[in-house]
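Participant: Take this structure, written in structure tokens, and hold onto it; I'll ask about it next.
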Amino acid sequence: MSKKTPQAIRGTQDIFGAEAEAFAFVVETFERVRRLYRFRRVEMPVFEKTEVFARSLGETTDVVSKEMYSFDDRGGESLTLRPEFTAGIARAFLTNGWQQYAPLKVATHGPLFRYERPQKGRYRQFHQIDAEVIGAAEPQADVELLAMADQLLKELGIEDVTLHLNTLGDGASREAWRAALIEYFRAVKDQLSEESQERLEKNPLRVLDSKDPRDKPFLAGAPKIDAFLSEEASAFFAAVTSGLDAAGVKWVRAESLVRGLDYYRHTAFEFIPDGGSASAAALGSQSTVLGGGRYDGLMESLGGAPTPAVGWAAGIERLAMLVGAREEERLKVGIAVEHDDLVTAATWAASELRSQRLSVEIVANGSMKKRFDKAAKLNPLYLVSLHLDGEAPSFTIKNPEHSDAYATIKAVLVNAIAR
RNA sequence: GCGAUCAUAGCUCAGUUGGUUAGAGCGCCGGUUUGUGGUACCGGAGGUCGCGGGUUCGAACCCCGUUGAUCGCCCCA
């Protein structure tokens, strides 16, 4: 029998201490901001039938074709650990009759799973916050959603990221543009990188954000989406941008920004750290911190009625990296129990103080002489010594300059030793 | 899926061209001291050097494999 301790699964994390505090700070801030915009909280299953993702994301996307955690359950049904939120929320919208609440604004957060090579800011089990507006065709929905994202980042103290914005047009615009791109790049196909040659067949829009120097010369001359936008699509995008200006959200046009998943239409966006900024350095190559767009085509792919919708998701780990380490709240009362006969009194006092919303740590193990030092190292606002004065229980309270809770603590301790 | 770097005590690391019982700081445990306290000093526990093979008289060090982490590509949040 082996005594070896099993290792954690590759790409999973055990988050602790300052990092866990930063993680919680991101979630708490998101919860607060989401209420300001009246997004309703939803809790979603962590797994769904595989087809929920396969049909909505597109069979040929990387996520579906090689990154999903799929398995057959005991009934022989193929299930998949959610690789993203949107598909599951769309499924819930259709199966629960949430159409009655449209336009429905919902927010959630939790773990997602993707079988990828782990690296900085990228994990196999990772966590996102997510916001969606379903059943709203107006550009105002895009604006509100983006304004919320912008405010969230500001409240997290992340100032050096910028909204990169693009439009993919409506279905017809997108198809015409796509065809023109294929035609343009096919003419120079043998001069492109191997990766772009492959992308050209699978997802020609992706060629546009290639970083390969062999592709660069051809990117500038590639057809632009703007030339293919229908009148309605142009008007829609203009309404989004003017709305953002009105809301005070700074943005830049990113003509080559596309989305990886098939269901996107119209607005596509990412918040990306500014070049050379502290955030860019903190994130390494995983630069997108929040991304999303409009997915008017998704509901139909799941067998529902055409339903306009727009949403975004942001990686909690990535946001937590930008927020930096956050300290745990300072301990209020540290009690050094300097004689074993006083443990009961300390337990009673701690219970009493905690019920009055004061955090308490009891130090009652190891050498009695060192307990005070140990309690002092916890850096409490009030450092309490419980000891024997001859035969009689007694106490002292250090750091009395913090007077707000001093009287309370003293009264509790007087009762504790009198018992 | 591809490429690169790394893996020594609980943590951060040192270990000189392969050569005796593998070290330090911090942390932990005990004691002394400071006669009232986060100090200083002494002592202690803790490692089959990620794991498995190989080369060698001899491997933490060289070679191969493997697992994991990190960085980049890809993809994405």
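With this note's numbering, the residue at position 318 of the first sequence is 1504, and numbering never jumps.
Using N, Cα and C, we set each Cβ at its ideal position, and we do this for glycine too.
Keep in mind it's a predicted model, so treat the numbers as computed, not measured.
Excluding sequence positions up to five away, which residues of its chain have a Cβ less than 7 Å from the Cβ of Pro-1176?
Facilitator: Past the boundaries of the shown model lies residue 1176; the chain is included only from 1187 to 1605, so the question cannot be answered.
Participant: Which residue spans inside the region 1327–1361 form an unbroken beta strand (DSSP E) run of at least 3?
Facilitator: 1347–1353
Participant: Compute the distance between the beta-carbons of Leu-1567 and Ala-1602, then report whether it is under 9 Å.
Facilitator: No, Cβ-Cβ distance for Leu-1567 and Ala-1602 is not below 9 Å.
Participant: In three-state terms, what does DSSP make of Asp-1316?
Facilitator: strand
Participant: With DSSP run on the structure shown, which of helix, strand or coil describes Met-1187?
Facilitator: Low local confidence applies: a pLDDT of 28 at Met-1187 is under 50, so the model's placement there is unreliable, with the coordinate-based value given in what follows. Coil at Met-1187, not helix or strand.
Participant: From the DSSP output, in three-state form, read off Phe-1414 for me.
Facilitator: helix
Participant: With a CB to CB cut of under 8 Å and the five nearest residues on each side skipped, what residues in its chain are close to Arg-1372?
Facilitator: Leu-1386
Participant: Where does Glu-1456 land, buried or exposed, given buried means 16+ other C-beta within 10 angstroms?
Facilitator: buried
Participant: Return the bridge partner residues of Ala-1495 from the DSSP annotation.
Facilitator: Its beta-bridge partners are Ile-1320.
Participant: From the DSSP output, in three-state form, read off Ile-1195 for me.
Facilitator: coil
Participant: Determine the direct distance from the alpha carbon of Glu-1341 to that of Ala-1433, and round the result to whole angstroms.
Facilitator: 16 Å
Participant: Straight-line CA distance for Asp-1356 to Gln-1285?
Facilitator: 22 Å
Participant: Helix, strand or coil for Ala-1500, going by three-state DSSP, please let me know.
Facilitator: The three-state reading of DSSP puts Ala-1500 in strand, counting E and B together.
Participant: Can you tell which of Val-1228, Gly-1274, Phe-1202 has the C-alpha that lies nearest to the C-alpha of Glu-1237?
Facilitator: Gly-1274
Participant: If distances are taken between C-alpha atoms only, which option among Leu-1391, Leu-1332, Tyr-1450 comes closest to Gly-1429?
Facilitator: Leu-1332
Participant: Is the region 1497–1508 in contact with the region 1300–1316, if contact means three or more CB pairs nearer than 8 Å?
Facilitator: yes
Participant: Using 8 Å for Cβ pairs, my map puts Thr-1453 next to Ile-1411. What's the rounded Cβ distance?
Facilitator: That pair is no contact at about 12 Å.
Participant: Taking Cβ to Cβ, would you say Val-1496 is nearer than 9 Å to Ala-1288?
Facilitator: no
Participant: Since Ser-1255 is in the beta strand (DSSP E), which residue starts that stretch and which ends it?
Facilitator: Checking the sequence shown, residue 1255 turns out to be Tyr, not Ser. Note, Tyr-1255: beta strand (DSSP E), 1255–1258.
Participant: Just verifying my parser: in three-state terms, what is the DSSP assignment at Gln-1472?
Facilitator: coil
Participant: Please report the distance separating the alpha-carbon of Lys-1556 from that of Val-1529.
Facilitator: 15 Å
Participant: Express the C-alpha separation of Ala-1204 and Tyr-1450 in angstroms, rounding to a whole number.
Facilitator: So the two alpha carbons sit approximately 37 Å from each other.
Participant: For my contact list, Val-1292 and Arg-1218 are in at a C-beta cut-off of 8 Å; report their separation, rounded to the angstrom.
Facilitator: That belief does not hold up - the Cβ atoms of Val-1292 and Arg-1218 are roughly 16 Å apart, past 8 Å.
Participant: For Arg-1512, which three-state DSSP category applies?
Facilitator: When DSSP states are grouped into helix, strand and coil, Arg-1512 belongs to the coil group.
Participant: For the beta strand (DSSP E) that contains Arg-1451, what are its first and last residues?
Facilitator: Here the beta strand (DSSP E) through Arg-1451 covers 1451–1459.
Participant: Taking the continuous beta strand (DSSP E) assigned at Pro-1403, which residues delimit it?
Facilitator: Not the beta strand (DSSP E): Pro-1403 falls in the alpha helix (DSSP H), residues 1402–1405.
Participant: Can you check which of these residues, Lys-1596, Ser-1589, Lys-1563, Val-1600, is closest to Pro-1579 by C-alpha distance?
Facilitator: Val-1600
Participant: Any chance the region 1368–1383 sits against the region 1392–1409, with 3 or more Cβ pairs inside 8 Å?
Facilitator: yes
Participant: Could you please give me the residues that DSSP links to Glu-1547 through a beta bridge?
Facilitator: Gly-1520
Participant: Determine the closest residue to Ala-1135 out of Ile-1320, Gly-1552, His-1525, Ile-1548, with distance taken between C-alpha atoms.
Facilitator: Nothing about residue 1135 can be reported from this structure: the residues present for the chain run from 1187 to 1605 only.
Participant: Grab me the residues of Trp-1363's own chain with a C-beta within less than 7 Å of its C-beta, minus the 5 sequence neighbours each way, in chain order.
Facilitator: The beta carbon of Trp-1363 sits closer than 7 Å to those of Gly-1355, Pro-1409, Ile-1411, Phe-1414, all from its chain and outside the five residues before and after it, given in chain order.
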